[in-house]
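Asks: Taken in order, these protein sequences are the chains called A and B.
FYI, in our numbering the residues of the first sequence are 2 to 624.
FYI, in our numbering the residues of the second sequence are 214 to 294.
Ideal placement from N, C-alpha and C gives every residue a C-beta, glycine not left out.
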Amino acid sequence: MSTVELRIALVGLPNCGKTALFNRMTGSRQKVANYPGVTVERKEGYHQSASGRRYRLLDLPGIYSLTPTTLDEAITRDVALGRLASEPRPETIVLVADATHLPLSMRLALEVKKLGLPMIVVLNMTDLARKRGYSIDREKLSKELGVPVVETVAIARGGADALIRHLDTLPATEVPATSPKGEWQEPSSIDVQQTHEEAARILAAASYLEPGRSEFFAALDRALLHPLFGLLVLATLLFFVFQAVFSWAAVPMDLIDAGVASLADWVRGGMPDGPLRSLLADGIIAGVGSVIIFLPQIIILFAFILALEDSGYLPRAAYLLDRVMGSVGLSGRAFIPLLSSFACAIPGIMATRTIPSIRDRMATIMVAPLMTCSARLPVYALLIAAFIPDRAVGGFNLQGIVLFALYFAGVAGALLVAWALKKFRGGGDTHLLMLELPDYQWPRLGNLAFGLWERARIFLGRAGGIILALMVVLWFLSTYPAPPAGATGAAIEYSFAGQLGQALSVVLAPIGFNWQISIALIPGLAAREVAVGALGTVYALAGDEEVVSTALSTVIASQWSLATGLALLAWYVFAPQCLATLAVVKRETNSWRYPLIMTAYLFGLAYLAAFVTYRVAVLFGAG
Amino acid sequence: MTPVEPHARTLSGLKAGESAVVERVDADDVLARRLLEIGFYPGAAVEMLAVMWPADDPVAVRVGGATFALRRQEADRVKVK
Numbered sequence: 002m003s004t005v006e007l008r009i010a011l012v013g014l015p016n017c018g019k020t021a022l023f024n025r026m027t028g029s030r031q032k033v034a035n036y037p038g039v040t041v042e043r044k045e046g047y048h049q050s051a052s053g054r055r056y057r058l059l060d061l062p063g064i065y066s067l068t069p070t071t072l073d074e075a076i077t078r079d080v081a082l083g084r085l086a087s088e089p090r091p092e093t094i095v096l097v098a099d100a101t102h103l104p105l106s107m108r109l110a111l112e113v114k115k116l117g118l119p120m121i122v123v124l125n126m127t128d129l130a131r132k133r134g135y136s137i138d139r140e141k142l143s144k145e146l147g148v149p150v151v152e153t154v155a156i157a158r159g160g161a162d163a164l165i166r167h168l169d170t171l172p173a174t175e176v177p178a179t180s181p182k183g184e185w186q187e188p189s190s191i192d193v194q195q196t197h198e199e200a201a202r203i204l205a206a207a208s209y210l211e212p213g214r215s216e217f218f219a220a221l222d223r224a225l226l227h228p229l230f231g232l233l234v235l236a237t238l239l240f241f242v243f244q245a246v247f248s249w250a251a252v253p254m255d256l257i258d259a260g261v262a263s264l265a266d267w268v269r270g271g272m273p274d275g276p277l278r279s280l281l282a283d284g285i286i287a288g289v290g291s292v293i294i295f296l297p298q299i300i301i302l303f304a305f306i307l308a309l310e311d312s313g314y315l316p317r318a319a320y321l322l323d324r325v326m327g328s329v330g331l332s333g334r335a336f337i338p339l340l341s342s343f344a345c346a347i348p349g350i351m352a353t354r355t356i357p358s359i360r361d362r363m364a365t366i367m368v369a370p371l372m373t374c375s376a377r378l379p380v381y382a383l384l385i386a387a388f389i390p391d392r393a394v395g396g397f398n399l400q401g402i403v404l405f406a407l408y409f410a411g412v413a414g415a416l417l418v419a420w421a422l423k424k425f426r427g428g429g430d431t432h433l434l435m436l437e438l439p440d441y442q443w444p445r446l447g448n449l450a451f452g453l454w455e456r457a458r459i460f461l462g463r464a465g466g467i468i469l470a471l472m473v474v475l476w477f478l479s480t481y482p483a484p485p486a487g488a489t490g491a492a493i494e495y496s497f498a499g500q501l502g503q504a505l506s507v508v509l510a511p512i513g514f515n516w517q518i519s520i521a522l523i524p525g526l527a528a529r530e531v532a533v534g535a536l537g538t539v540y541a542l543a544g545d546e547e548v549v550s551t552a553l554s555t556v557i558a559s560q561w562s563l564a565t566g567l568a569l570l571a572w573y574v575f576a577p578q579c580l581a582t583l584a585v586v587k588r589e590t591n592s593w594r595y596p597l598i599m600t601a602y603l604f605g606l607a608y609l610a611a612f613v614t615y616r617v618a619v620l621f622g623a624g
Numbered sequence: 214m215t216p217v218e219p220h221a222r223t224l225s226g227l228k229a230g231e232s233a234v235v236e237r238v239d240a241d242d243v244l245a246r247r248l249l250e251i252g253f254y255p256g257a258a259v260e261m262l263a264v265m266w267p268a269d270d271p272v273a274v275r276v277g278g279a280t281f282a283l284r285r286q287e288a289d290r291v292k293v294k
């Protein structure tokens, strides 16, 4: 390993392709953590060039200027100024500029240059820009700016070579570690205007030809941002996604189901009866198997979310929904964190860091768990398969419609809670939107595949880690103590879990939950989807030997009333059955107050919703 | 001094498809600052791309080769001619 190491910080506007460049250069040699004491993500990586030099790259949060409005932006400024005790000042700044629209990047470059650090300007996405008629005299630009300028295409293999070649020419010894030229002063409004004018002058001097806007994308924007048509497209798109999650996933799910069943049969057939066989077949295979079956649905949901994110559509959806969200006291900016929460509330809550107003941010955090995360999907899917007939209604799959309704219930609940929060705290606060709508891009397959692989790995990692462990614990609690001699009921009724479930069902009986559900809800606190595995284990151990070979949905369909099934669905729309989310809320808000309020109000709503659903269903004869 | 400035229209007054030139950004606070930074400086060309119903809020504006979604109260700060 080379001892010479150059510390480089990547600075640039949001959406300039900075992170793509970072990924291109560092590959898998990345470390992601937080800056100490604050919840801003710190991304560091290493690049070893062909010449043997080693670079330490820091991917700083995107900024428009060195005057921060959010925590993330403040970090970029503080790192660049060497104000963070934990972070040595970078030795070189690589300013990444999106070649498809240079003016703002050039202004930022002028502002960053005043920090007094060596700087390289990188013109990124030049391939795309050239297609749209961009051209620039790079030599002239470099002369006018007074810093080296290189071109990159971060998304292409070898696209960062020009930058690496340039970095390799930098002397390792002459780089000053810390030497701000005098005291840096925050730029004034006059300075901002002057840098705008200077940037325009420099671009003109470098014979900059602004790339035209693609006619197709301009037309697309006219349609997608249209008040009526745009909202229709958004609604259709979301509806289509939920239909796809159900109908496309059916075949792979059946395959996994059959695989799990034959694996359990094989274990049963090949082992003598005893605790180990029971642990393997009833505990591990039945429990973990009933969770991994939902992998296809999660992959499909994430494929859509990632593709929409890549395409640049998401901020447009935020624009379309800003009015609705504003009326309940949320910012349109809350849309992206809330949409991420459909995958998982944890990244969603972390994404609220980009919301400048503390009150907006807290309101967003409080409602984020109401967005239907992918961990609810296994629960919903199981219950829908058991209780909702698989038939077409008006050309749509009824199961898909119910799933859409559940997602909708979560959103409606969130809007209601946000509105109540606004009333409770009193209004009067002004909210900022000011959201950039980046140019559209075709989603890149490589990126998509990488993102999906990450998701699948996390999901399976959880299935193999925490869920597996909980299943073993649950199997133990459900198996011991053994029933007394001469017992008539199923063995599990005499176990620890059975006793606990029966105690809990005193509280949960009014909302229609039996003791099996009550047991499953306890490990389900760790993560929602665990409840499905827990039900699998509980019913597998409940006596009937064929249960494991039969789909769990068939079993519960025959043993629960429709009212119970619906009440459990309603419960899951609200219940905070995820300790990890509460832990993140504690960390992000740095207090116990918010997670405690969240737990209380979500359990309250869940109980209420399940109670009403159960009673109404019973009234209609579904009991 | 006349209280009425005939040329001072606000950005939010533009219809979808209309273009104008920024005259100034009102006040000097965080909001005005950020508007200035994202390209709404005197002399910059702007084009209204889309206006949302029902209250003309928010709006989507093209400025300096980028597109921004602004709330009405934000767009109100930018005076155009």
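Are the C-beta of residue 65/A and some C-beta of chain B separated by less than 9 Å?
Replies: Yes, its Cβ sits closer than 9 Å to a Cβ of chain B.
Asks: To the nearest angstrom, how far is the alpha carbon of residue 352/A from that of residue 585/A?
Replies: Near 12 Å, if we compare the C-alpha coordinates of residue 585/A and residue 352/A.
Asks: Along the chain, where does the beta strand (DSSP E) containing residue 31/A start, and where does it finish?
Replies: Its beta strand (DSSP E) spans residues 31-35.
Asks: Once the 5 residues before and after residue 618/A are set aside, which same chain residues still bring their CB inside 6 Å of it?
Replies: So the list reads 564, 567, once near-sequence residues are dropped.
Asks: Going along the chain, which residues of its own chain have a beta-carbon closer than 6 Å to the beta-carbon of residue 257/A, five neighbours each way excluded?
Replies: 294, listed in sequence order.
Asks: Quick check: what's the CA-CA separation for residue 58/A versus residue 12/A?
Replies: If I take the Cα positions, the gap works out to 11 Å.
Asks: List the residues of chain A whose Cβ lies closer than 9 Å to the Cβ of residue 243/B, in chain order.
Replies: Ordered by position in chain A, the residues that pass the 9 Å Cβ test against residue 243/B are 68, 70, 357, 433.
Asks: Out of 407/A, 44/A, 615/A, 397/A, which one is the CA nearest neighbour of residue 244/A?
Replies: Checked all of 407/A, 44/A, 615/A, 397/A; the closest Cα to residue 244/A is 397/A.
Asks: Name the two residues that bound the continuous alpha helix (DSSP H) containing residue 260/B.
Replies: Element bounds for residue 260/B: not the alpha helix (DSSP H) but the beta strand (DSSP E), 258-264.
Asks: Terminal residues of the continuous alpha helix (DSSP H) containing residue 253/B?
Replies: First-last for residue 253/B: undefined, no H or E at that position.
Asks: Curious, which full-length alpha helix (DSSP H) runs of at least 4 residues does the region 437-501 of chain A contain?
Replies: Entirely contained in the region 437-501 of chain A, the alpha helix (DSSP H) runs reaching 4 residues are, in chain order, 446-463, 469-480.
Asks: I think residue 95/A touches residue 113/A, with their Cβ atoms under 8 Å apart; what is that distance to the nearest whole Å?
Replies: Incorrect: roughly 10 Å between the Cβ atoms, too far for contact.
Asks: From residue 269/A to residue 473/A, what does the alpha carbon distance come to, in whole angstroms?
Replies: Cα-Cα distance, rounded: 17 Å.
Asks: DSSP on residue 48/A, reduced to helix/strand/coil?
Replies: In this structure, residue 48/A counts as strand in the three-state DSSP scheme.
Asks: Which same chain residues, not among the five before or five after residue 45/A, have their C-beta less than 6 Å away from its C-beta?
Replies: If we look at residue 45/A and ignore the five residues flanking it on each side, its Cβ neighbours are 32, 59.
Asks: Do you know offhand how far residue 581/A's Cα is from residue 371/A's?
Replies: Distance between the alpha carbons of residue 581/A and residue 371/A: 15 Å.
Asks: Grouping DSSP H, G and I as helix and E and B as strand, with all else coil, what is residue 240/B?
Replies: Residue 240/B: coil per DSSP, three-state reduction.
Asks: Going along the region 238-265 of chain B in order, which residues come within less than 9 Å of chain A, judged by CB to CB distance?
Replies: Listed by position along the chain: 238, 241, 243, 244, 245, 246, 247, 248, 249, 250, 251, 252, 254, 255, 256, 257, 262, 263, 264, 265.
Asks: Which chain A residues are close to residue 289/B, counting only those with a beta carbon under 7 Å from its beta carbon?
Replies: Result: empty, since nearest Cβ-Cβ is about 11 Å, beyond 7 Å.
Asks: Could you tell me which whole alpha helix (DSSP H) segments of length 4 or greater appear in the region 374-431 of chain A?
Replies: Counting only runs of 4 or more, we get 377-388, 399-426.
Asks: With 9 Å as the threshold, decide whether the Cβ of residue 103/A is near any Cβ in chain B.
Replies: At least one chain B Cβ lies under 9 Å of residue 103/A.
Asks: Where does the unbroken alpha helix (DSSP H) through residue 24/A begin, and where does it stop?
Replies: Where residue 24/A is concerned, the enclosing alpha helix (DSSP H) stretches over 19-27.
Asks: With a cut-off of 8 Å on the beta carbons, I'd call residue 529/A and residue 376/A a contact; round off their distance for me.
Replies: Their Cβ separation, rounded to whole angstroms, is 4 Å, which keeps residue 529/A and residue 376/A in contact under 8 Å.
Asks: Is the region 305-320 of chain A touching the region 277-293 of chain A, taking contact as three or more C-beta pairs under 8 Å?
Replies: The region 305-320 of chain A vs the region 277-293 of chain A: no contact.
Asks: Below 9 Å on C-beta distance, what does residue 333/A contact in chain B?
Replies: Going along chain B in sequence order, the residues near residue 333/A (Cβ under 9 Å) are 271, 282, 284.
Asks: Can you name, in chain order, every residue of its own chain whose Cβ lies under 8 Å from the Cβ of residue 236/B, other than the five neighbours on each side?
Replies: Cβ within range, chain order: 220, 221, 255, 292, 293, 294.
Asks: Kindly indicate the opening and closing residues of the alpha helix (DSSP H) around residue 99/A.
Replies: Segment 93-99 is the beta strand (DSSP E) holding residue 99/A; no alpha helix (DSSP H) there.
Asks: Residue 460/A: buried (16+ other C-beta within 10 angstroms of its C-beta) or exposed?
Replies: Burial call: buried.
Asks: List, in chain order, every chain A residue whose beta-carbon is nearer than 8 Å to that of residue 233/B.
Replies: Those do not exist, as residue 233/B stays about 17 Å from chain A at its closest Cβ, beyond 8 Å.
Asks: Indicate the three-state DSSP secondary structure (helix, strand or coil) for residue 148/A in the structure shown.
Replies: Correct three-state label for residue 148/A: coil.
Asks: So if I threshold CB-CB distances at 7 Å, which residues from the region 26-37 of chain A count as touching chain B?
Replies: So the list is empty, because no residue satisfies the distance condition.
Asks: Comparing alpha-carbon positions, which option in 408/A, 115/A, 17/A lies nearest residue 146/A?
Replies: Among 408/A, 115/A, 17/A, the Cα nearest to that of residue 146/A is on 115/A.
Asks: If you check the beta carbons only, do residue 283/B and residue 275/B fall under 9 Å apart?
Replies: No, the pair does not count as a contact, with Cβ atoms beyond the cut-off.
Asks: Is residue 78/A helix, strand or coil when you go by DSSP?
Replies: Helix, per DSSP.
Asks: Could you tell me the alpha carbon to alpha carbon distance between residue 297/A and residue 363/A, rounded to whole angstroms?
Replies: If you take the alpha carbons of residue 297/A and residue 363/A, they lie about 33 Å apart.
Asks: Could you tell me whether any Cβ in chain B is nearer than 9 Å to the Cβ of residue 309/A?
Replies: By this cut-off, residue 309/A is not an interface position.
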